[in-house]
Amino acid sequence: MNSELPKNYEPASVEENISRTWLAEKAFAANPAASGEPYCIVIPPPNVTGALHLGHALNNTLQDILIRYHRMRGFNVLWVPGIDHAGIATQAVVEKQLKEKENKTRHDVGREALVQRIWQWKEQYGNRILEQLKRLGCSCDWERTRFTLDEQCAAAVRETFFKLFGDGLVYRGKRLVNWDIFLQTSVSDDEIYHETVKTHLWHIAYPIDGSDKKMVVATTRPETMLGDTAVAVHSSDARWNWAIGQKVRLPLVDRLIPIIADDILVDPKFGSGVVKVTPAHDPNDYAVWQRHLGQPDAIDIINILHPDGTLNDNAGIYQGMRRDKARRQIVEDLRQRDLLIKEEPYETQVGHSDRSKTPIEPYLSDQWFIKMAPLAEPALEVVRRGLVRFHPQRHAQQYLAWLGEKRDWPISRQLWWGHRIPIWTREFELTEPLNSLTESAEPISPPATAALRKALGPDAETVLKGGEEHILRVEAIADRPDWMRATVCVRREVAAMQQVLEKCGFEQDADVLDTWFSSALWPHSTLGWPRATAELAKWNPTSVLVTARDIITLWVARMVMMNLYNMGQGRWTSDGQREAQAKIASDPEAAARFVPFHDVAINPTILDGKGERMSKSKGNGVDPVEIIDTHGADALRFTLAQMATETQDVRLPVKKLADGRNTSEKFEMGRNFCNKLWNAARFAMTALAEASPATVSRNDLSLPDRWILSRLGQTIAAADLAIKTFRFDQYAKAVYDFVWGDFCDWYVETLKPVLKGDARPDAGAAVLAAVLDASLRLLHPVMPFITERLWWQLNEVCPQRGVAQVLDCPTSARLIHASWPTAPAVDQEAETLFERLMQVITAIRNLRNQHNVEAKKAITIRMEDAQFSAQDLMTHQAIIELLANCLVLNAQTPPPGTSAQVQAGGCLLTAYGLSDPDAERQRLAKRREELVKQIAALEARLANPNYSQKAPPQLVQQTRSQLSQAQAELGGIQ
RNA sequence: GGGCGGUUAGUUCAGUUGGCUAGAACGCUGGUAUCACACACCAGAGGUCACAGGUUCAAGUCCUGUACCGCCCACCA
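Under the working numbering, the first sequence is numbered contiguously, ending at residue 1005.
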């Protein structure tokens, strides 16, 4: 039967077989109606754009450990898998393909066709990611797989947006956005990287109007001067403050612009003390425009760019030029007019779009925003109060700091791939002016209503009705007093309503929502919200979120915010904010029901051997599937778990294989461990097949039995604590040390003669079976495949297992559904005694090695009392003789030859029959040196009067006894 | 500029509330084809705990500062 188990563990066939069985039996399926405390994790959805890398492998391994552990603990577990549509990243990939293969832009194929193509692309690559997760052994409920752009998620997005709109938390505003002129979209701050660019700092003269004086400004972007609407100086700068209120004549365009004071923008110590102000093309200058808005010194804002980065009709003769050409031309023209004062080489950081790798252009554009203040405050509060806890705790700081800024969230993206903003607008010319048309609040004033009725005709009542399914708002349009804008937000995807709106001349907003908008809803949208599902009732809040630290702000914070907003009762408008806070303060338990998860476990980032992030472009990435192919999924998982410490980063030295692929020696550790377990189990099951395991109870146990069961108990307790505190490395280390160190190296070795002897082979076999059983349970969360395979085998060989009153092993056909082992009680007496035996054995082995004793030759040992009784150990002399290859002397005469003495396990050991007196002399000299050093250190410590006075008496006592022991040993060998 | 983390054996990392001679894995050295495993077994060598101060009877651990490395945030016209 063990012919079925090859000598070396071969992961490929085992993994495939086990995986197929689990899937066929729907072993991961969750049922909200089932009993058991709920335990739920929603996967951080990987971006559909990329294959999974080692970071994902780590992240998902940790989640699977938690899921499998809690499943075994009897929780009703659900792990929701899914994928993120990843807006801009995905569209960029498909657009690039379109360009390369067909030389077309997205405008050539049109919105619908492009979105169609992206869906095709998604089908192909999304499945690849799910396959990777399955190869890794993730026990997700695959039938609940979600995609952030699927219908269920879309319903949640629409509902949320509608709710936010109704609460006045969504608004439209002109804002400077990071504009990608290649993809023609705005890009969020986090999709930008900065690159050092060698350029120039151009110093340009701006003549003061009606004076022969000139102001000199310096800029790295001279073309933006076309959009300058002011120059600013510091109000206390004596060089220039006399000129405040006067005007300069902007060169080349010949426009008069004011000289204003702005003490925030201008640092009088820097450069000339004069700053050009281009509100439409620079974030700082935009802030100046905002600061002066409505003030006597309010300034203009002039946009000079087309969306494609060419200059528009505000740029005069430079209209139509690309920005870089315009820059060269402008510098040249200034030079000719003698207005270029200086051109100095300069290095500066320029923001580039992560996706298109082109420089970002700050650009004025219509965008939708979410008001953060009312949403952020409750989200801050639940973390402050510990209703959501970070592990390690320090990561909460980043969350609190970012959310504390409460900067409004720009949510529109000029893309085609994503959730389209559910807003329709139309602008109306008014026949008579409307005085009351100043704000966008409901209800709509009677004059505006009348105007709408008139303009919309027969469908006016449908649009005007508003309420449950759509909201209508009207507002004035700046600079056009005889116009108004009507905005309709539609709650559900209903064709009829959309047709009515379009018939009435409304147009849907062309933009889609930021990807993070749908991601923010992930924990409740995956469970069915806004429908009141059994899943939602059972599993929200979810239990824990496992993620990387770089998305604590972008994702974690927003999930907390949106979960509280959607799941919490009542509406959290700006006015209701205080109420929400008070609610959390007065009833934290209620608030705890609305958070998305209770714990956030942050896993470390995997870097390569040089400390650099892994990435495709750097070519240092390791593909988890390749590791699974070469080392096995369990080996990969174990190694990764063992690396998941509390530090921020872990390094994984990468080695290039001959075929160019990357790998790392680190994974050999996991592979070796699998092989060790495999062979220990193989040995055990061969023995079990030959013996017939008896029913045993506490009284039948030998010292090694008692010891290994006690060690097992300690290990289970350590594993429980480690998992509870998200210390996956400690869990891995505990089980590794137990299986390899305690079980294989010691217990199995002591058991070999027992199993072959006459005395108690059946009792020994029973303990062996029970400990193997518990070990497989213990290892299953981290190494699911190999343990499941061995479990099946063990069920065949030895279906009934356990040690009465010590270790129950309830039967189960599948390990994945077996129960977590209960820890046997600690047996301190057995542990202490066995520990001494191990020390004696190691000391004798050491002596044999130092004396170059041939492996097969037994030496003779006499054991005498030192600190402790030798008799206690000699009761178990068979174990010593077996494992140290020696003969323990009782009353016989010792054999001739060199003898050597050593202290171990509290006994004095004398070894006889050694043949190398030189080796012994060397050994003694070395030992003497060690002892002298130790004695000196101990004496010095005791000589310090403060030590005996202030240190705990127990410690002082211990030091004294160490000293006397060392002195005694030294006396013995001199 | 602000914040966070790191610096412990050749390498990658552990190191609980300060307290026995600072641990593990890999690598290295010597030995071993022993009937679970050479992806193994046995034994060993290897550390001024980045640096400088301080607190303490006692510091890898706590405090202050310095250096270097990494990440996040905000940025210099």
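Positions of the beta carbon are idealized from the N, C-alpha and C atoms, including for glycine. Predicted model, so just to flag it, every value in this text is computed and none were measured.
Assign residue i to one of three DSSP states: helix, strand, or coil.
{"i": "Arg-893", "result": "strand"}
{"i": "Arg-177", "result": "strand"}
{"i": "Arg-758", "result": "coil"}
{"i": "Phe-192", "result": "helix"}
{"i": "Met-814", "result": "coil"}
{"i": "Lys-205", "result": "strand"}
{"i": "Cys-520", "result": "strand"}
{"i": "Thr-469", "result": "Low local confidence applies: a pLDDT of 48 at Thr-469 is under 50, so the model's placement there is unreliable, with the coordinate-based value given in what follows. Looking at Thr-469 - three-state DSSP - the assignment turns out to be coil, as it is neither helix nor strand."}
{"i": "Thr-746", "result": "helix"}
{"i": "Gly-347", "result": "helix"}
{"i": "Ile-739", "result": "helix"}
{"i": "Gln-147", "result": "helix"}
Could you pull the start and end residues of the alpha helix (DSSP H) that residue i belongs to?
{"i": "His-87", "result": "85-103"}
{"i": "Asn-334", "result": "Neither: Asn-334 is in no alpha helix (DSSP H) and is coded neither H nor E."}
{"i": "Pro-948", "result": "948-974"}
{"i": "Pro-393", "result": "It is not in any alpha helix (DSSP H) - Pro-393 instead sits in the beta strand (DSSP E) that spans 391-401."}
{"i": "Cys-775", "result": "Looking at the DSSP string, Cys-775 is not in any alpha helix (DSSP H), and its letter there is neither H nor E."}
{"i": "Arg-867", "result": "859-881"}
{"i": "Ser-992", "result": "984-1003"}
{"i": "Ser-242", "result": "That residue, Ser-242, is in no alpha helix (DSSP H); it is neither H nor E in DSSP."}
{"i": "Leu-671", "result": "664-674"}
{"i": "Phe-714", "result": "698-721"}
Given this structure, state the Cα-to-Cα distance separating residue i from residue j, to the nearest angstrom.
{"i": "Phe-213", "j": "Arg-104", "result": "53 Å"}
{"i": "Arg-692", "j": "Trp-433", "result": "39 Å"}
{"i": "Arg-368", "j": "Val-653", "result": "58 Å"}
{"i": "Thr-578", "j": "Ile-160", "result": "17 Å"}
{"i": "Glu-361", "j": "Arg-353", "result": "Per the sequence shown, residue 361 should be read as Ile rather than Glu. Roughly 12 Å separates the two Cα atoms."}
{"i": "Leu-423", "j": "Gly-435", "result": "For the sequence presented, residue 423 should be read as Pro rather than Leu. Going from the Cα of Pro-423 to the Cα of Gly-435 covers about 20 Å."}
{"i": "Ala-889", "j": "Ala-712", "result": "30 Å"}
{"i": "Gly-81", "j": "Leu-986", "result": "58 Å"}
{"i": "Asp-751", "j": "Leu-97", "result": "11 Å"}
{"i": "Gly-258", "j": "Gly-417", "result": "50 Å"}
{"i": "Leu-468", "j": "Leu-461", "result": "Low local confidence applies: a pLDDT of 49 at Leu-468 is under 50, so the model's placement there is unreliable, with the coordinate-based value given in what follows. Going by the C-alpha atoms only, they are around 11 Å apart."}
Identify, in the order they occur along the chain, each residue of the same chain with its Cβ nearer than 7 Å to the Cβ of residue i, setting aside the five sequence neighbours on each side.
{"i": "Ala-801", "result": "Arg-832, Gly-833, Val-834, Leu-838 and Cys-840"}
{"i": "Arg-189", "result": "Pro-453, Arg-522, Arg-523 and Glu-524"}
Among the residues of its own chain, which have a CB less than 6 Å from the CB of residue i, if the five just before and after it don't count?
{"i": "Ile-739", "result": "Tyr-778 and Val-802"}
{"i": "Trp-822", "result": "Leu-807 and Leu-846"}
{"i": "Ser-930", "result": "Thr-941 and Tyr-943"}
{"i": "Gly-559", "result": "Glu-566 and Leu-567"}
{"i": "Lys-437", "result": "Met-403, Ala-404 and Ala-407"}
{"i": "Arg-102", "result": "Val-108"}
{"i": "Cys-917", "result": "Ile-875, Ala-889, Ile-890 and Ile-892"}
{"i": "Tyr-978", "result": "Arg-972"}
{"i": "Pro-42", "result": "Gly-663"}
{"i": "Gln-761", "result": "Ala-753"}
How far does the beta strand (DSSP E) with residue i in it reach, from first residue to last?
{"i": "Cys-71", "result": "69-73"}
{"i": "Gln-934", "result": "929-935"}
{"i": "Gly-382", "result": "371-384"}
{"i": "His-629", "result": "628-634"}
{"i": "Trp-455", "result": "454-460"}
{"i": "Arg-832", "result": "832-835"}
{"i": "Arg-1006", "result": "Look at the range of the chain in this structure, 32 to 1005, and you will see that residue 1006 is not part of it."}
{"i": "Leu-838", "result": "838-840"}
Which same chain residues end up closer than 8 Å to residue i when comparing Cβ atoms and leaving out the 5 residues on each side of it in sequence?
{"i": "Glu-538", "result": "Trp-455, Thr-456 and Arg-457"}
{"i": "Ala-956", "result": "none"}
{"i": "Ser-723", "result": "Asp-793 and Ala-796"}
- [ ] Please confirm if the stretch 222-235 is in contact with the stretch 412-431, defined as three or more CB-CB distances below 8 Å between the two stretches.
- [x] Touching, no.
Open item on the list: Measuring CB atoms only, is the stretch 667-675 touching the stretch 89-106, in the sense that at least three cross pairs come out at less than 8 Å?
Closed with: Output reads yes: the stretch 89-106 touches the stretch 667-675.
Open item on the list: For the stretch 560-580 against the stretch 56-73, do three or more pairs of beta-carbon atoms, one drawn from each stretch, fall closer than 8 Å, so that the two count as touching?
Closed with: The stretch 560-580 is in contact with the stretch 56-73.
Task: Cβ pair count under 8 Å reaching 3, the stretch 544-557 against the stretch 111-126 - done: Yes: the two stretches touch, three or more of their Cβ pairs being nearer than 8 Å.
Open item on the list: Using 8 Å as the cut-off, can you tell me whether the stretch 297-315 makes contact with the stretch 243-258, which would need three or more C-beta pairs spanning the two stretches below that distance?
Closed with: Yes, the stretch 297-315 touches the stretch 243-258.
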